[in-house]
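Participant:
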Amino acid sequence: MSEIPDRLKAALAHRYEIERELGRGGMATVYLAEDVRHERKVAVKVLRPELAASLGSERFLREIKIAANLNHPHILPVYDSGESNGFLYYVMPYVEGDSLRDRLSREGELPVPEAVRVLREVVDALTLAHAQGVVHRDIKPDNILLSGRHALVADFGVAKAVSEAAGRQKMTTAGVALGTPAYMAPEQAMAEPNVDHRADIYAIGAVAYELLTGHPPFGGHSAQAILTAHVTETPEPVTTRRSSVPQGLSDLVMKCLEKNPADRWQSAEELLPQLEALATPSGGITPTDTRPVRSVSGMPRIRMRWTVGVITVLSVAAVVAVIGVLKRSSAPGHLEGLDRVAVLPIENATGDTAQNYLAAGITRELITELTGAKVRVKGYRSVERYAGSDLPISEIARDIQADVLLLGSLHRLGDRVQLLLELTDPTTGENLWARNYEAGGDEFPVLTRSVAQDLAGELGVTSSEAPTVRADRVTSEAYAEYLLGKHQAERYTSDGFRRSIQHLTQAVAIDSSFAPAWAGLGYAYEIAASYGFAPAEEAHANAAGAIDRALALDPDLGLAHLALARLRQLRDWDFPGAEEAYQRAIELSPTSEAYELYGWFLEQWMGRADEGVRALEQAVEIDPTYVLMRLDLAWRLIGARDFDRAQREIDIALQLDSLYPETWAAQATIHATRGRYVAALAAIDRYGELAGEDVVGWRGYYQAMSGRDAQAREALTELEARGPDDLFAVVSRASIHVALGEPDTTFALLEQLMEARQAWSWFRAEWDPIRDDPRYRALLQQIGVSDR
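Quick note: to get the numbering used here, add 906 to the position in the sequence shown (first position is 1).
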């Protein structure tokens, strides 16, 4: 075997300098290498020669290509793959850290909170992969890498490539097991032909069993003995081997390990919220380390340890007491002029990673309060990517266009909480201001408001603009549900808003006087209604009730006014009232989201494209690295018919995240405006591939515009079959009929949308050919707007 590295070096010398072997397994050998082109360390996995010979390069590279398109923070990305001189290989980042196998070999069973965190991150990765039709087939501790505090799943696509090429056999002619016996589902062990994503669920159960007990569910002296046990034996309950494991967690693991796939959790998406629930304060997982820690100051990056007891983790702030100023000028307002602030994610150094949602929630609340204090603070979407980052603070500040960074760490002292904050000059690393806040009791909102008031004063914001510290009392349980609800809403998916509504409903049930939870609930219902995530009439009614309650409790909540604006716009068609509410929301809390929605209202509903663009420019200034804001600005520019500038924003979005689906929808629109319909079709297909959605309506429109009438009419037939209740299909049909030169049918469909009170997209570029038709203007008059 000694000659293989030399041959490999010669084969890959044009791209990679092989340095040394890192490890080997049943399928591949891993080498540390230098990526010559990009000057970075990488891990090159090279399939065993006999396996590569039996596979063939075409099938292997096709499966690796699919895996390379999985973009998720807990999936180890694939940089490159190829075939050279008989070697099949693929290239990944070199992760300096242990695999989960190394950790288990060194320590045995893991602390319960740590095990739950790892499982949650792995299942989160599988949720994305399964949604894109990718099954891992070889989940095991060896394929889970630990980078800092996070888990990364590696080797997507490899087992699939091998199994497809090997004719669905358990063993290849090279003698390589397709999967690892200790973690293989019974249907894999029996070489059943239709193994699906539920095999990964079984493997998660086997990995979880080992994390919690120190041993896989089955052992044996041979691979065949282990495979037989998976098919015929029932493992001992987790709690039998480790009595300290919560019963709910044990039950979750044992359900993963059911022999019949139909008896397991049916998807990673179903399993993920069960793990999230176990990680919440009510989930029964309590950290063991509750020792107080001594605070440390004077470092450019705060690295202070803190501990949190789950039962009292949110019981804070009966009276906020500033117990120490670490480093501060005596003159208020001495930082005036440093007006672009970024709050980097508050560090959770508890050792209980189940509390990460709490640290993220505190970060969001600080941003919200500072925004209300008229501090120019960057949005959460721009800073969340830097959680736990080791990038130099100067680079972070440059990326997000910030003058000054607020760094923080949360600590536990008995039944009280400490929040240590430092305001740092990113160019020099100097601490400009630092303060240690201590609080106890059940008035947590006072803590973040107190911070915002102090910091606003330091930055030269006048006292009339600074927030008033109100003694808003909220129970720890209600606040936990509130933070979880906000976290779920950030996902902007149907499931995310469903869970958000559940958590926020629970928050107001626990504490009916908690105005922010009512506002969040109203907003979540309104999004669910407008995106089709819930029946519109019922969701609007629930939103109205929650918004009224929020404003009665606190008339100055920006989010409540934002939800009210959407309600007036989408349900009532009260456009002057909607605009008034949007402006009030921005006055109270000028978030990127408020500017974004106001810009959409102005351009898509009011036909005031230039004003819509200006609103989105404000949103991008707040969240410059949030790809969705860049794309919304591009859409507003398309509405303003400024296609060149829209293309520049799309180019930036592609640099930020080339796998974000809507980027390709916007790109397709730009191609179409320039008559490049073949390119438009390719871009919209890419959108459909990434989003997992059919694009028959888009394709039909581009086909009609390019003169492919027969294909466009095939699309119309498919859309018509979806019936009148599919309003997106109705809009697509209307646009295709415009492109086919059939305005009468288009107007009949637009009337249908009007009757359904779906007045969105009146000012789309697709309607340009009918904009001068009197029937178009008559439609606009029905909703009280004009084509300006």
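Glycine included, each C-beta is placed from N, C-alpha and C at the ideal position.
Between the alpha carbons of Gly1603 and Leu1655, how many angstroms are there, rounded?
Facilitator: Position 697 of the sequence shown holds residue 1603. Position 749 of the sequence shown holds residue 1655. Here the alpha carbons of Leu1655 and Gly1603 stand approximately 14 Å from one another.
Participant: By DSSP, does Met998 sit in helix, in strand, or in coil?
Facilitator: Locating residue 998 in the sequence shown gives position 92, counting from the first residue. Here Met998 sits in strand by DSSP.
Participant: What does DSSP give as the partner residue(s) for Asp986 in the beta ladder?
Facilitator: Residue mapping note: residue 986 aligns to position 80 of the sequence shown, counting from 1. Val997.
Participant: By a C-beta neighbour count over all protein chains shown, 10 Å radius and 16 as the cutoff for buried, is Ala916 buried or exposed?
Facilitator: By one-based count along the sequence shown, residue 916 stands at place 10. It counts as exposed.
Participant: Gln1394 to Gly1402, Cα distance in whole Å?
Facilitator: As a position in the sequence shown, residue 1394 is number 488, starting the count at 1. As a position in the sequence shown, residue 1402 is number 496, starting the count at 1. C-alpha separation (whole angstroms): 5 Å.
Participant: With which residues is Ala1057 paired in a DSSP beta bridge?
Facilitator: For the purposes of this step, residue 1057 is taken as the residue at position 151 of the sequence shown. Partner(s): Leu1052.
Participant: In whole angstroms, give me the CA-to-CA distance for Ala1265 and Glu1527.
Facilitator: Translated into the one-based positions of the sequence shown, residue 1265 becomes position 359. Translated into the one-based positions of the sequence shown, residue 1527 becomes position 621. Between Ala1265 and Glu1527, the C-alpha separation is close to 25 Å.
Participant: Quick one: using the 10 Å Cβ neighbour count with 16 as the cut-off for buried, is Gln1153 buried or exposed?
Facilitator: Looking up residue 1153 in the sequence shown gives position 247. Exposed, by the Cβ-count rule.
Participant: Taking only three categories from DSSP, how would you classify Ile1252?
Facilitator: Mapped onto the sequence shown, residue 1252 falls at position 346. Looking at Ile1252 - three-state DSSP - the assignment turns out to be coil, as it is neither helix nor strand.
Participant: Please report how far the alpha carbon of Gly1505 lies from the alpha carbon of Glu1499, in whole angstroms.
Facilitator: The sequence position of residue 1505 within the sequence shown is 599, counting from 1. The sequence position of residue 1499 within the sequence shown is 593, counting from 1. Between Gly1505 and Glu1499, the C-alpha separation is close to 10 Å.
Participant: Just to confirm before moving on: does the CB-CB distance between Leu1508 and Leu1463 stay below 9 Å?
Facilitator: Indexing the sequence shown from 1 puts residue 1508 at position 602. Indexing the sequence shown from 1 puts residue 1463 at position 557. The answer is no: Cβ separation not under 9 Å.
Participant: Can you find the residues in the same chain that come closer than 7 Å, C-beta to C-beta, to Phe1062, ignoring five residues on each side of it along the sequence?
Facilitator: Numbered from its first residue, the sequence shown carries residue 1062 at position 156. Ala973, Leu976, Ile981, Ala1035, Val1040 and His1042.
Participant: Let me check one thing: in DSSP terms, what residues is Lys947 bridge-paired to?
Facilitator: Numbered from its first residue, the sequence shown carries residue 947 at position 41. Looking at the DSSP assignment, Lys947 forms a beta bridge with Glu940.
Participant: Check each candidate in Leu1361, Pro983, Leu1353 and Leu1534 and name the one with the smallest Cα separation from Ala1340.
Facilitator: Walking along the sequence shown from the start, residue 1340 turns up at place 434. The shortest Cα separation from Ala1340 among Leu1361, Pro983, Leu1353 and Leu1534 belongs to Leu1361.
Participant: Measure from the alpha carbon of Ala1662 to the alpha carbon of each residue in His1643, Asp1632, Val1691 and Leu1539, then state which is nearest.
Facilitator: Within the sequence shown, the letter at position 756 stands for residue 1662. That would be Asp1632, whose Cα lies nearest to the Cα of Ala1662.
Participant: What residue does the beta strand (DSSP E) around Ile924 start on, and which one ends it?
Facilitator: Your numbering for residue 924 matches position 18 in the sequence shown. Here the beta strand (DSSP E) through Ile924 covers Tyr922 to Arg930.
Participant: Can you have a look at Ala1114 and say buried or exposed, based on whether 16 or more other CB atoms are within 10 angstroms of its CB?
Facilitator: What you label residue 1114 is simply residue 208 of the sequence shown in a count that begins at 1. The residue is buried, with at least 16 neighbouring Cβ atoms inside 10 Å.
Participant: Using a threshold of 9 Å, state whether the C-beta atoms of Ile1556 and Thr1569 are closer than that.
Facilitator: On the sequence shown, position 650 is the one that residue 1556 refers to. On the sequence shown, position 663 is the one that residue 1569 refers to. Yes, the Cβ-Cβ distance between Ile1556 and Thr1569 is below 9 Å.
Participant: Once you ignore the five residues that flank Leu1297 on each side, which residues in its own chain have a CB closer than 6 Å to its CB?
Facilitator: Residue 1297 sits at position 391 when you count from the first residue of the sequence shown. No residues qualify anywhere along the chain.
Participant: What distance in whole Å lies between the Cβ atoms of Ser987 and Ala995, which are believed to be in contact at a cut-off of 8 Å?
Facilitator: Position 89 of the sequence shown, counted from the start, is the residue given in the question as residue 995. Position 81 of the sequence shown, counted from the start, is the residue given in the question as residue 987. Checking the sequence shown, residue 995 turns out to be Tyr, not Ala. Right, the Cβ-Cβ distance comes to about 7 Å (below 8 Å), so this counts as a contact.
Participant: Rounded to whole angstroms, what is the Cα-Cα separation between Val1151 and Tyr1089?
Facilitator: Within the sequence shown, the letter at position 245 stands for residue 1151. Within the sequence shown, the letter at position 183 stands for residue 1089. Going by the C-alpha atoms only, they are around 21 Å apart.
Participant: Can you name the residues that DSSP bridges to Ala934?
Facilitator: Here the question's residue 934 lines up with position 28 in the sequence shown. Beta-bridge pairing links Ala934 to Leu953.
Participant: Look up Asn1337 in the DSSP assignment and say whether it is helix, strand or coil.
Facilitator: Along the sequence shown, one-based indexing puts residue 1337 at 431. Asn1337: strand per DSSP, three-state reduction.
Participant: Go through its chain and collect everything with a Cβ distance to Ala1635's Cβ below 6 Å, but skip five positions before and after it.
Facilitator: Position 729 of the sequence shown, counted from the first residue, corresponds to residue 1635. Counting only Cβ-Cβ distances below 6 Å, and skipping sequence neighbours, we find Leu1625 and Arg1628.
Participant: Compare the beta carbon distance of Ala1525 and Leu1539 with 9 Å and say whether it is the shorter of the two.
Facilitator: Here residue 1525 corresponds to residue number 619 of the sequence shown, with the count starting at 1. Here residue 1539 corresponds to residue number 633 of the sequence shown, with the count starting at 1. Yes. Within cutoff.
Participant: Looking only at its chain, what residues have a beta carbon closer than 6 Å to the beta carbon of Gly1120, apart from the 5 residues adjacent to it on each side?
Facilitator: Taking the sequence shown and counting its residues from 1, one reaches residue 1120 at position 214. Answer for Gly1120: Gly1014 and Glu1015, listed in chain order.
Participant: Per DSSP, what are the beta-bridge partners of Ser1418 in this structure?
Facilitator: What you label residue 1418 is simply residue 512 of the sequence shown in a count that begins at 1. In the DSSP output, where bridge partners are listed per residue, Ser1418 has none listed.
Participant: Is it buried or exposed for Val1357, if we count other Cβ within 10 angstroms and need 16 for buried?
Facilitator: Residue mapping note: residue 1357 aligns to position 451 of the sequence shown, counting from 1. Per the 10 Å Cβ criterion, buried.
Participant: Do the segment 1455-1474 and the segment 1483-1492 touch if we need at least three Cβ pairs shorter than 8 Å?
Facilitator: Look at the beta carbons and you see the segment 1455-1474 touching the segment 1483-1492: at least three pairs across the two are nearer than 8 Å.
Participant: Keeping to the same chain, check which residues put their C-beta closer than 7 Å to that of Met1096; ignore five residues upstream and five downstream.
Facilitator: For the purposes of this step, residue 1096 is taken as the residue at position 190 of the sequence shown. Once the five neighbours on either side are set aside, the close Cβ partners of Met1096 are Val1137.
Participant: Apply the 10 Å Cβ neighbour rule to Thr1274 and answer buried if 16 or more other Cβ atoms are within range, or exposed otherwise.
Facilitator: On the sequence shown, position 368 is the one that residue 1274 refers to. When all chains shown are included, Thr1274 counts as buried.
Participant: By the DSSP assignment, the alpha helix (DSSP H) with Leu1622 in it spans what residues?
Facilitator: If you number the sequence shown from 1, residue 1622 lands on position 716. Start and end: Asp1615 to Glu1626.
Participant: State the start and end residues of the unbroken alpha helix (DSSP H) segment that holds Asn1448.
Facilitator: Translated into the one-based positions of the sequence shown, residue 1448 becomes position 542. DSSP places Asn1448 inside the alpha helix (DSSP H), whose first and last residues are Ala1442 to Leu1459.
Participant: According to DSSP, simplified to helix, strand and coil, what is Thr1078?
Facilitator: If you number the sequence shown from 1, residue 1078 lands on position 172. Any reading at Thr1078 must be qualified, since the residue scores a pLDDT of 33, below 50, and its modelled position is unreliable; the value itself is stated next. In this structure, Thr1078 counts as coil in the three-state DSSP scheme.
Participant: For Arg1605 and Gln1408, I'd like the C-alpha separation in whole angstroms.
Facilitator: Locating residue 1605 in the sequence shown gives position 699, where the first residue counts as 1. Locating residue 1408 in the sequence shown gives position 502, where the first residue counts as 1. Cα-Cα distance, rounded: 37 Å.
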